[in-house]
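Undergrad: In this note's numbering, the protein residues as written are 1054 to 1344.
One structure, as structure tokens, below. Some questions next.
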């Protein structure tokens, strides 16, 4: 863009006393023009020292409290006070590279683009499980390979008018609210684009138990979103029954038990097993067979 537009960056924060300071420092260190940057941190009813850590930054950033728990609620609260024409989202367990916004925002110059998403890497140093998280949160894959594509909010930018046109994030969804909004973007005729040079570093799950639970939670809470977009997803060949996922997990487990699998396959299988369990439990909970 010949003139970089003003940007409001929104970061929801719940019990992130260990990471939110690094997030804010990375945003204050952006090479983006300071007079065109609004930083909004939404304290989502934290019960730890998040508010205390944010207090010294109050003269440089906007801190608000959203008592209704939920990532969609927190992001929408930030959106309501965003004053700039472009809105970017980053999670409070992430840090942004200094040129994050400078690379991400210009992709919105094309009015057909609804979301620009950037690269998500594991924060270093990291163990093998955290590094595996780069594959799970591979934005290039979710935007350029998956059908339909979707963007995820640790690294997301949109024009504010588009977000407002679509009603923001759906607060009835506990998770997968970013995929839901992505699908609504596509149905409204907008495109989702990937910008590899716009990098954020995320603190991923670090234990096998946490990795399994991440897969379970994502799949469990995806059931209502999938049901809502069933007709849209069928255009891309999706069906309610995805037995291939279960067959793949079973085949990989056989390889692991016979010593024919490496560590990466073991981690992938653990995550996918969590998703299978989450799909079953979510289908029972929501009364929808979305396997």
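We treat Cβ as the ideally placed atom computed from N, Cα and C, and that holds for glycine.
None of these values were measured; they are calculated from a predicted model.
Taking contact to mean at least 3 C-beta pairs separated by less than 8 Å, is the segment 1176-1186 in contact with the segment 1153-1161?
TA: no
Undergrad: Have a look at residue 1344 and residue 1264 and give me their C-alpha separation to the nearest angstrom.
TA: Start at 1 with the first residue of the chain shown, and residue 1344 comes out as number 291. Start at 1 with the first residue of the chain shown, and residue 1264 comes out as number 211. In this predicted model, residue 1344 has a pLDDT of only 48, less than 50, meaning its place in the structure is not dependable; the value taken from the coordinates is given anyway. So the alpha carbons of these two residues sit roughly 20 Å apart.
Undergrad: Using three-state DSSP, classify residue 1258 as helix, strand or coil.
TA: Here the question's residue 1258 lines up with position 205 in the chain shown. In the structure shown, residue 1258 sits in coil (DSSP, three-state: anything other than H, G, I, E or B).
Undergrad: Just to confirm the assignment: which complete beta strand (DSSP E) runs, minimum length 3, are found wholly within the segment 1212-1269?
TA: Every unbroken stretch of the beta strand (DSSP E) spanning 3 or more residues and falling wholly within the segment 1212-1269 is given here in chain order: 1244-1255.
Undergrad: Suppose you measure from the CA of residue 1161 to the CA of residue 1211; what does that come to, to the nearest Å?
TA: On the chain shown, position 108 is the one that residue 1161 refers to. On the chain shown, position 158 is the one that residue 1211 refers to. Roughly 7 Å between the two C-alpha positions.
Undergrad: Check residue 1301 in the structure and name its three-state DSSP category.
TA: Translated into the one-based positions of the chain shown, residue 1301 becomes position 248. Three-state result, residue 1301: helix.
Undergrad: Quick check on the burial criterion: 16 or more other C-beta atoms within 10 angstroms. Buried or exposed for residue 1225?
TA: Residue 1225 sits at position 172 when you count from the first residue of the chain shown. Classification of residue 1225: exposed, given that the 10 Å Cβ count is below 16.
Undergrad: Distance, Cα to Cα, residue 1289 vs residue 1107?
TA: Counted from its first residue, the chain shown places residue 1289 at position 236. Counted from its first residue, the chain shown places residue 1107 at position 54. Residue 1289 and residue 1107: Cα-Cα distance of roughly 44 Å.
Undergrad: Out of curiosity, what's the CA-to-CA distance linking residue 1198 and residue 1168?
TA: Looking up residue 1198 in the chain shown gives position 145. Looking up residue 1168 in the chain shown gives position 115. Cα to Cα, the separation comes out at about 16 Å.
Undergrad: By the DSSP assignment, the alpha helix (DSSP H) with residue 1108 in it spans what residues?
TA: Position 55 of the chain shown, counting from 1, holds the residue named residue 1108. Careful: residue 1108 lies outside any alpha helix (DSSP H) and carries neither H nor E.
Undergrad: Indicate the three-state DSSP secondary structure (helix, strand or coil) for residue 1065 in the structure shown.
TA: Taking the chain shown and counting its residues from 1, one reaches residue 1065 at position 12. If DSSP states are grouped into helix, strand and coil, residue 1065 belongs with the strands.
Undergrad: The alpha helix (DSSP H) that contains residue 1316, what's its start and end?
TA: What you label residue 1316 is simply residue 263 of the chain shown in a count that begins at 1. Start and end: 1316-1339.
Undergrad: Quick one: using the 10 Å Cβ neighbour count with 16 as the cut-off for buried, is residue 1328 buried or exposed?
TA: By one-based count along the chain shown, residue 1328 stands at place 275. Taking all protein chains in view, the Cβ of residue 1328 is crowded by 16 or more other Cβ atoms within 10 Å, so the residue is classified as buried.
Undergrad: So which of 1125, 1292, 1247 and 1268 has the shortest CA-CA distance to residue 1360?
TA: Any property of residue 1360 remains undetermined from this structure, which presents the chain solely from 1054 to 1344.
Undergrad: Does the beta-carbon distance from residue 1272 to residue 1332 come in below 9 Å?
TA: Here residue 1272 corresponds to residue number 219 of the chain shown, with the count starting at 1. Here residue 1332 corresponds to residue number 279 of the chain shown, with the count starting at 1. Their beta carbons are under 9 Å apart, which means residue 1272 touches residue 1332 by this criterion.
Undergrad: At what residues does the beta strand (DSSP E) containing residue 1084 begin and finish?
TA: Within the chain shown, the letter at position 31 stands for residue 1084. Taken as a continuous stretch (DSSP letters only), residue 1084 belongs to no beta strand (DSSP E), as it is neither H nor E.
Undergrad: Nearest to residue 1115 by alpha carbon, out of 1127, 1286 and 1091?
TA: As a first step, residue 1115 must be located in the chain shown, where it is residue number 62. Residue 1091 is the option with its Cα nearest to residue 1115.
Undergrad: Out of 1207, 1071, 1121 and 1120, state which residue places its alpha-carbon closest to the alpha-carbon of residue 1103.
TA: As a working note, residue 1103 is residue 50 in the chain shown. 1071 is the residue among 1207, 1071, 1121 and 1120 whose C-alpha sits nearest the C-alpha of residue 1103.
Undergrad: By how many angstroms is the C-alpha of residue 1220 removed from the C-alpha of residue 1268?
TA: For the purposes of this step, residue 1268 is taken as the residue at position 215 of the chain shown. For the purposes of this step, residue 1220 is taken as the residue at position 167 of the chain shown. Approximately 28 Å, taken between the alpha carbons.
Undergrad: Distance, Cα to Cα, residue 1127 vs residue 1057?
TA: Translated into the one-based positions of the chain shown, residue 1127 becomes position 74. Translated into the one-based positions of the chain shown, residue 1057 becomes position 4. Rounded to the nearest angstrom, the two C-alpha atoms are 26 Å apart.
Undergrad: Ignore the nearest five residues each way along the sequence and tell me which others in residue 1203's own chain have a CB closer than 6 Å to its CB.
TA: Locating residue 1203 in the chain shown gives position 150, where the first residue counts as 1. Taken in chain order, the residues that qualify are 1195, 1232 and 1235.
Undergrad: With a floor of 4 residues, list each alpha helix (DSSP H) that falls wholly inside the segment 1152-1205, ordered by position along the chain.
TA: 1153-1157, 1181-1189 and 1192-1197
Undergrad: Per the DSSP calculation, residue 1114 is bridged to which residue(s)?
TA: For this step, residue 1114 is matched to residue 61 along the chain shown. DSSP lists no partner for residue 1114.
Undergrad: Tell me the DSSP secondary structure of residue 1310 in three-state form.
TA: Taking the chain shown and counting its residues from 1, one reaches residue 1310 at position 257. DSSP places residue 1310 in helix when its eight states are reduced to three.
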